[in-house]
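Following: one structure in structure tokens, then a few remarks.
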Amino acid sequence: MERLGLITLILHILIVVVGGFITVFANNIVRSLTGLILTLFGGAGLYFLMAAPFIGIMQVLIYVGAVSVIIFFAIAFTRRAQFGLTESRKSSQYFLVCLLPILPVAVLGYFLVKEITTSIPVPQISSVQTLGKFFLGPYVLPFELISLVLLIAMMGAVILGFEKKRIQMEQLDQAKQEE
Amino acid sequence: MNYLLIYHLVALFLMCMGLIGVVWRRTFVGILISIELLLNGAGLAIMASAKLTPTADFLGQAGTLVVMGLAAAEATIFLALVLVVFRRFGRIIVKNTNLLRG
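In the order they appear, the protein sequences are chains A and B. Per this note's numbering, residue 308 is the first one in the first sequence, and the count goes up by one each step. Per this note's numbering, residue 18 is the first one in the second sequence, and the count goes up by one each step.
Shown next as structure tokens:
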């Protein structure tokens with residue numbers, strides 16, 4: 308049974324790794340988004356393996372269901388701008404891509420391998436009721452602040468989206484005044 | 018090699034890929050996708066730290082849910098910004114977006 312769990316874990320890690328590479332290095336932006344969705348599904352599987360099915364379902368719902376669709380809308384709205392992408396990369400980009408991962412891998416990886424020595428082999432499953440009571444009891448302020456952040460993000464998106472109309476109206480007003 | 022270390026190494030991998038993507042991608046949408054990778058790695062690390070240690074595990078679940086909510090808000094704002102940049106410049110390549118206007 309434990310062997311089966313290990314095989315499933317390795318399979319999901321493989322999904323995450325392959326998806327990550329597709330996400331970053333695919334030439335087509337739609338293919339890159341598909342890689343992101345693959346990675347997110349792999350992450351959801353990892354949550355399920357950690358005995359946190361609620362978070363796994365939320366990962367599929369929020370990330371795959373909402374965030375990926377938003378990114379797809381961004382791609383669809385700016386489809387014209389994606390074509391003819393023949394800009395060459397700067398040499399600083401090649402330099403940074405080779406050099407940037409070294410720092411976190413060296414520092415964080417060293418401390419991870421050094422410090423993490425024990426782990427619970429079989430995590431216990433916890434009920435969603437506990438989480439709900441936790442959110443509505445001691446953590447009610449962050450919970451409300453998250454809803455405030457989401458509301459403000461929504462308002463900001465709407466205001467930014469209507470910007471063109473406002474500029475057009477200002478230009479019309481200016482033209483009328485000049486007449 | 019225990020499970021907690023494995024999960025943290027996966028999270029570290031996601032963080033590295035996100036950082037590489039932010040540098041490597043040339044369009045705003047590509048950068049947004051890379052930032053999602055970064056945030057997903059953060060959520061995974063928080064969850065593993067709470068679930069595979071003797072910490073109360075609803076702390077980790079709450080933290081991961083907060084990260085997910087912030088990721089959704091960030092994606093919304095980023096979509097609006099991409100649309101504004103697309104209208105003003107006609108392209109969404111980061112290199113060409115170099116005009117500041119009051």
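The C-beta atom is built at its ideal place from N, Cα and C for all residues, glycine as well.
In the pairwise beta carbon analysis, the segment 48-57 of chain B is classified as not touching the segment 403-417 of chain A: fewer than three pairs are separated by under 8 Å.
Contact annotation: the segment 71-81 of chain B touches the segment 359-379 of chain A, with at least three C-beta pairs closer than 8 Å. For the 8 Å CB-CB criterion, B:V111 and B:T70 do not form a contact.
Contact between the segment 90-105 of chain B and the segment 57-68 of chain B is absent: fewer than three C-beta pairs spanning the two stretches fall below 8 Å.
Interface annotation, B:L82: in contact with chain A, CB-CB separation under 8 Å. Below the 8 Å Cβ cutoff, chain A contributes L467 as neighbours of B:L98, in chain order.
With 16 or more other CB atoms across the displayed protein chains lying within 10 angstroms of its CB, A:L438 is buried. Contact note: B:L29 reaches chain A through P411, V412, L415, G416, L419, using a C-beta cutoff of 8 Å and chain order.
Proximity to A:G352 across A:D480, A:M365, A:L467 peaks at A:M365, based on C-alpha coordinates. Residue contact with chain A for B:A59: absent (no Cβ-Cβ distance below 8 Å to any residue of chain A). The C-beta distance from B:Y24 to B:A88 rounds to 19 Å, too long to meet the 8 Å contact threshold.
One Cα belongs to A:G326, the other to B:C33, and the distance between them is close to 13 Å. Of the residues A:N335, A:L318, A:A482, A:I459, the one whose Cα lies closest to the Cα of A:G350 is A:L318.
Think of a sphere of 8 Å around the beta carbon of A:S426: the chain B residues whose beta carbon falls inside it are N19, Y20, L21, L22, L69, T70, in chain order. Shortest Cα-Cα distance from A:G463 to any of B:A92, B:F103, B:N113 involves B:A92.
Beyond the five residues adjoining it in sequence on each side, A:V337 comes within less than 7 Å, by CB distance, of I382 in the same chain, given in chain order. Taken through DSSP and simplified to helix, strand or coil, B:T44 comes out as strand. Each of A:I314, A:F379, A:N335, A:L403 was checked against the Cα of B:I37, and the nearest Cα belongs to A:L403. The beta carbons of A:T346 and A:V323 sit about 5 Å from each other, so the pair counts as a contact at 8 Å. The beta carbons of B:L26 and A:L419 sit about 7 Å from each other, so the pair counts as a contact at 8 Å. Look at A:S339: its C-beta is under 8 Å from a C-beta on chain B.
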